Structure formats: C-alpha cells, structure tokens
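Peer 1: Supplied in structure tokens, the structure appears directly below.
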Amino acid sequence: MRNPVLKVKDLRTSFLTDDGEIPAVNGISFEVNPGEVLGIVGESGCGKSVTSLSIMGLVPTPPGKIQGEILYNNENLIRASEKRMRQIRGNDIAMIFQEPMTSLNPVFTIGNQLIEAIRIHKKWPKNKAKMRAIEILKQVGLPRAEELMNEYPHQLSGGMRQRVMIAMAMVCEPKLLIADEPTTALDVTIQAQILDLMKRLNKETDTAIMMITHDLGVVAQMCERIVVMYAGEVVEEADVKTIFKHPKHPYTVGLIQSVPDMRLKKDRLYSIPGNVPKPGSTKTGCQFAPRCPHRNERCLAETPPLDTLETGQKVRCWLYQEGKGVEAIGRAVGKG
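With the numbering used here, the residue at position 206 of the sequence shown is 354, and numbering never jumps.
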C-alpha cells in the first residue's frame with residue numbers, strides 16, 4: 149500500500165469580515181491516494197472550492213485564515229513560504245479551474261503560456277520546452293498542435309480552451325491534479341470528451357485526481373471514492389459503489405434522490421427542502437438538521453462527530469449512534 153499523495157487533517161479556513169470571523173471550511177480531513185480519482189461532492193456554498201484553494205495556497209491571508217495540516221510528502225503546505233508554494237504549484241500539484249477563459253492570459257499565445265510553465269519548473273531551454281508543449285497539446289487530443297502554439301485563447305472554442313487548461317496542468321507531470329468543476333461551462337458532448345480525456349491521462353500517468361463537482365453523474369463515471377461535504381464539513385465518505393447503493397447520511401440520500409431517473413416517470417423531481425445555511429449561522433447542533441426529515445432534539449442541540457461504521461463508511465449523524473440510522477434512512481431510499 150503506497151502512502152497517500154495528500155493528507156488533509158482538520159483543515160479550517162475562515163474569512164475575517166465586518167461581521168466577525170466566518171468559517172468556510174470547518175475541520176475537514178481526507179486523503180488522496182496515488183493514481184486515485186477522489187470526488188468532493190456537495191451543493192454550491194458547501195466549501196469545496198475553498199478547500200481546493202486552501203490546498204493550492206491561493207487563499208489570500210488576510211482576510212483568509214487557514215489552520216490544520218495539508219501534508220504533501222510529509223510537508224505541511226500551510227506553513228510553506230510563497231516561494232516554496234510557487235515551486236509546488238504546477239510541478240507537484242496542479243489545478244484546472246472552472247472557467248478556462250478567465251484562467252488563460254488573453255494577451256499571450258497558447259505556446260507562450262505553456263513554454264513559460266515548463267521553463268519555470270523544469271529549467272529547460274526554450275527549444276526543448278517548445279517540443280514538450282507541442283507534445284502535450286497532441287496528448288490531450290488537440291488537432292494542428294503546432295499552429296495552436298501561435299494562437300490566442302479567444303481564437304479557441306470552449307472545449308479547446310479546457311483541453312489547453314488540462315495540458316497546462318499536466319505538462320510538468322504533477323502527482324496530484326485538482327479539477328474544480330472542469331466541465332460546468334461546456335456542452336454535454338464536450339463534457340464527455342473532457343472526462344474521458346482526464347480518465348485516460350489518469351491511467352497513463354498515474355496522476356491522482358481530486359474532482360470537485362456537484363454533478364453526481366460525473367462522480368459515478370470518474371471517481372473511485374467520494375467525500376460528501378455540507379456547510380464546510382465532511383458528512384460522509386465511502387467508495388463510489390457504496391455511496392450510490394447504500395447512502396448513510398440524510399444529505400447524501402437527498403442528493404441521490406434528486407438525480408433524475410429515466411426509468412421512472414415522475415411529475416416532479418425531488419429536491420431537498422431549504423437552503424445551505426449561511427457560513428457561521430449554525431452555532432450548535434448538526435448543520436443539516438434544519439433540512440433533515442429525521443432530525444430529533446439531539447440533532448438540534450449537539451454537533452455529531454464523523455464516525456466510522458462497521459462497513460468502513462464514515463458518516464456524521466446521531467441516528468447511527470442511536471441505532472436508528474440504517475432503519476430510518478434506509479426506508480427513505482428503499483434500501484437497507
């Protein structure tokens with residue numbers, strides 16, 4: 149068993165505002181193993197993107213404040229200097245952002261941007277860096293790679309720009325690739341192509357991928373293990389088959405129920421009642437309790453820990469400590 153590429157321990161990221169310190173990520177822990185595709189799932193506002201920016205050292209401090217441990221090769225990145233983080237970003241840990249048009253520099257050619265990334269991290273001469281840039285563009289399935297080197301981002305389609313972003317992220321062969329909603333801005337056909345490309349690169353290069361998304365279809369296609377986040381906390385963690393067949397947390401159950409099933413005819417799609425709470429607004433009890441159909445007085449008064457069940461699943465819910473979880477929540481999805 150190889151050591152994890154990344155270990156996140158009790159990560160807490162908050163922001164100083166006029167209303168005080170607001171927690172965005174509240175004590176989450178997880179690991180990413182070599183060659184693994186890990187899914188981070190949850191609604192908008194649950195802290196997924198802040199988690200990824202914290203790992204990359206891209207949260208401005210102040211107003212941001214980061215505590216805990218982000219261990220890469222036993223080095224705590226939270227304590228790393230900006231100079232050290234510049235060495236790690238792109239070389240060891242790379243990131244694909246949600247919107248490529250705002251991530252690529254509009255005034256430099258694709259070739260310039262790729263060559264710069266290679267030369268900064270690899271210290272290669274320009275000719276060797278150019279050959280590697282053309283090679284990676286071909287590797288991500290872009291046609292006429294030599295010509296693309298001289299083109300600007302606005303001359304490319306959305307799908308081509310996203311492939312360029314993947315090429316930039318993979319060009320230095322990082323150990324971990326963080327993909328933050330990489331297909332949100334693309335049409336369905338291009339989405340499928342991008343996901344297939346990422347899966348192929350994952351297999352060919354043994355690069356671990358941390359896939360941040362709210363799309364359970366993407367998770368089912370791409371991921372081996374899932375971390376479900378809600379209101380800045382991890383509420384459930386398990387392998388992908390277990391999550392879809394036997395979800396344990398009421399929030400995970402709600403997410404799966406809200407996915408349309410083409411085999412069933414329904415007048416209305418299911419939706420979880422209420423909204424994700426404003427960060428810092430829930431002072432006591434379970435963050436999901438106000439929206440949970442199974443809540444009781446303890447859920448509103450005490451914060452549940454993230455427990456590991458006999459099955460190996462991790463779940464943050466009082467019902468399981470009281471022996472009611474499998475029975476009550478199982479009925480909600482028609483499964484035990």
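Using N, Cα and C, we set each Cβ at its ideal position, and we do this for glycine too.
Quick caveat: nothing in here was measured; it's all calculated off a predicted structure.
Can you tell me the Cα-Cα spacing of Arg311 and Leu345, whole angstroms?
Peer 2: 9 Å
Peer 1: If we require 4 or more residues per run, which alpha helix (DSSP H) segments fall completely within the region 295 to 381?
Peer 2: 306 to 318, 336 to 353 and 364 to 370
Peer 1: What is the rounded straight-line gap between the Cα of Glu283 and the Cα of Asn260?
Peer 2: It is roughly 14 Å from the alpha-carbon of Glu283 to the alpha-carbon of Asn260.
Peer 1: Measure the alpha-carbon distance for Glu294 versus Thr199 and round it to whole angstroms.
Peer 2: 36 Å
Peer 1: Taking the straight line between their C-alpha atoms, what separation do you get for Ile203 and Asn275?
Peer 2: 33 Å
Peer 1: With a threshold of 16 other CB atoms inside 10 Å of the CB of Pro398, please say whether the residue is buried or exposed.
Peer 2: buried
Peer 1: Determine whether the beta carbon atoms of Ala242 and Ala317 lie at a separation below 8 Å.
Peer 2: yes
Peer 1: Check the C-beta distance from Arg443 over to Pro421 and give it rounded, since I have them as a contact under 8 Å.
Peer 2: About 12 Å separates the two Cβ atoms, so there is no contact after all.
Peer 1: Would you please state the rounded distance, in angstroms, between the beta carbons of Glu381 and Asn174? I believe it to be under 8 Å.
Peer 2: 5 Å
Peer 1: Suppose you measure from the CA of Pro425 to the CA of Gln435; what does that come to, to the nearest Å?
Peer 2: About 8 Å.
Peer 1: Shortest alpha-carbon distance to Ile342 belongs to which of Ala281, Met313, Lys393 and Glu217?
Peer 2: Of the candidates Ala281, Met313, Lys393 and Glu217, the residue whose Cα lies closest to the Cα of Ile342 is Met313.
Peer 1: Could you give the first and the last residue of the continuous beta strand (DSSP E) run that contains Arg280?
Peer 2: Taken as a continuous stretch (DSSP letters only), Arg280 belongs to no beta strand (DSSP E), being part of the alpha helix (DSSP H) at Lys274 to Gln287.
Peer 1: Whole angstroms are fine: how far does the CA of Leu448 sit from the CA of Glu516?
Peer 2: An answer regarding residue 516 cannot be provided, because it is not within the stretch 149 to 484 covered by the chain.
Peer 1: Which ranges would you report for the alpha helix (DSSP H) in the region 231 to 260 if only whole runs of at least 4 residues count?
Peer 2: Counting only runs of 4 or more, we get 248 to 251.
Peer 1: Considering Gly216, what are the terminal residues of the alpha helix (DSSP H) in which it resides?
Peer 2: Premise fails: Gly216 lies in the beta strand (DSSP E), Gly212 to Tyr220, not in any alpha helix (DSSP H).
Peer 1: Taking just the CA atoms, how far does Asp335 sit from Gly484?
Peer 2: Legend: pLDDT at Gly484 = 36, less than 50; position of this residue unreliable, value from coordinates given subsequently. Roughly 37 Å separates the two Cα atoms.
Peer 1: Restricting to Cα atoms, I'd like to know which of Lys389, Pro182 and Ile188 is closest to Ile176.
Peer 2: Ile188
Peer 1: So for Ala228, helix, strand or coil by DSSP?
Peer 2: Looking at Ala228 - three-state DSSP - the assignment turns out to be coil, as it is neither helix nor strand.
Peer 1: According to the Cβ coordinates, are Met297 and Leu186 closer than 8 Å?
Peer 2: Taking C-beta atoms as the reference points, Met297 and Leu186 fail to come closer than 8 Å.
Peer 1: How is the beta strand (DSSP E) around Val173 delimited, first residue to last?
Peer 2: Gly168 to Val180
Peer 1: For the candidate residues Thr432, Asp455, Leu454 and Gly195, whose alpha-carbon lies nearest to that of Arg446?
Peer 2: Checked all of Thr432, Asp455, Leu454 and Gly195; the closest Cα to Arg446 is Thr432.
Peer 1: What is the DSSP secondary structure of Gly402, reduced to helix, strand or coil?
Peer 2: helix
Peer 1: If you check the beta carbons only, do Leu285 and Ala327 fall under 8 Å apart?
Peer 2: The answer is no: Cβ separation not under 8 Å.
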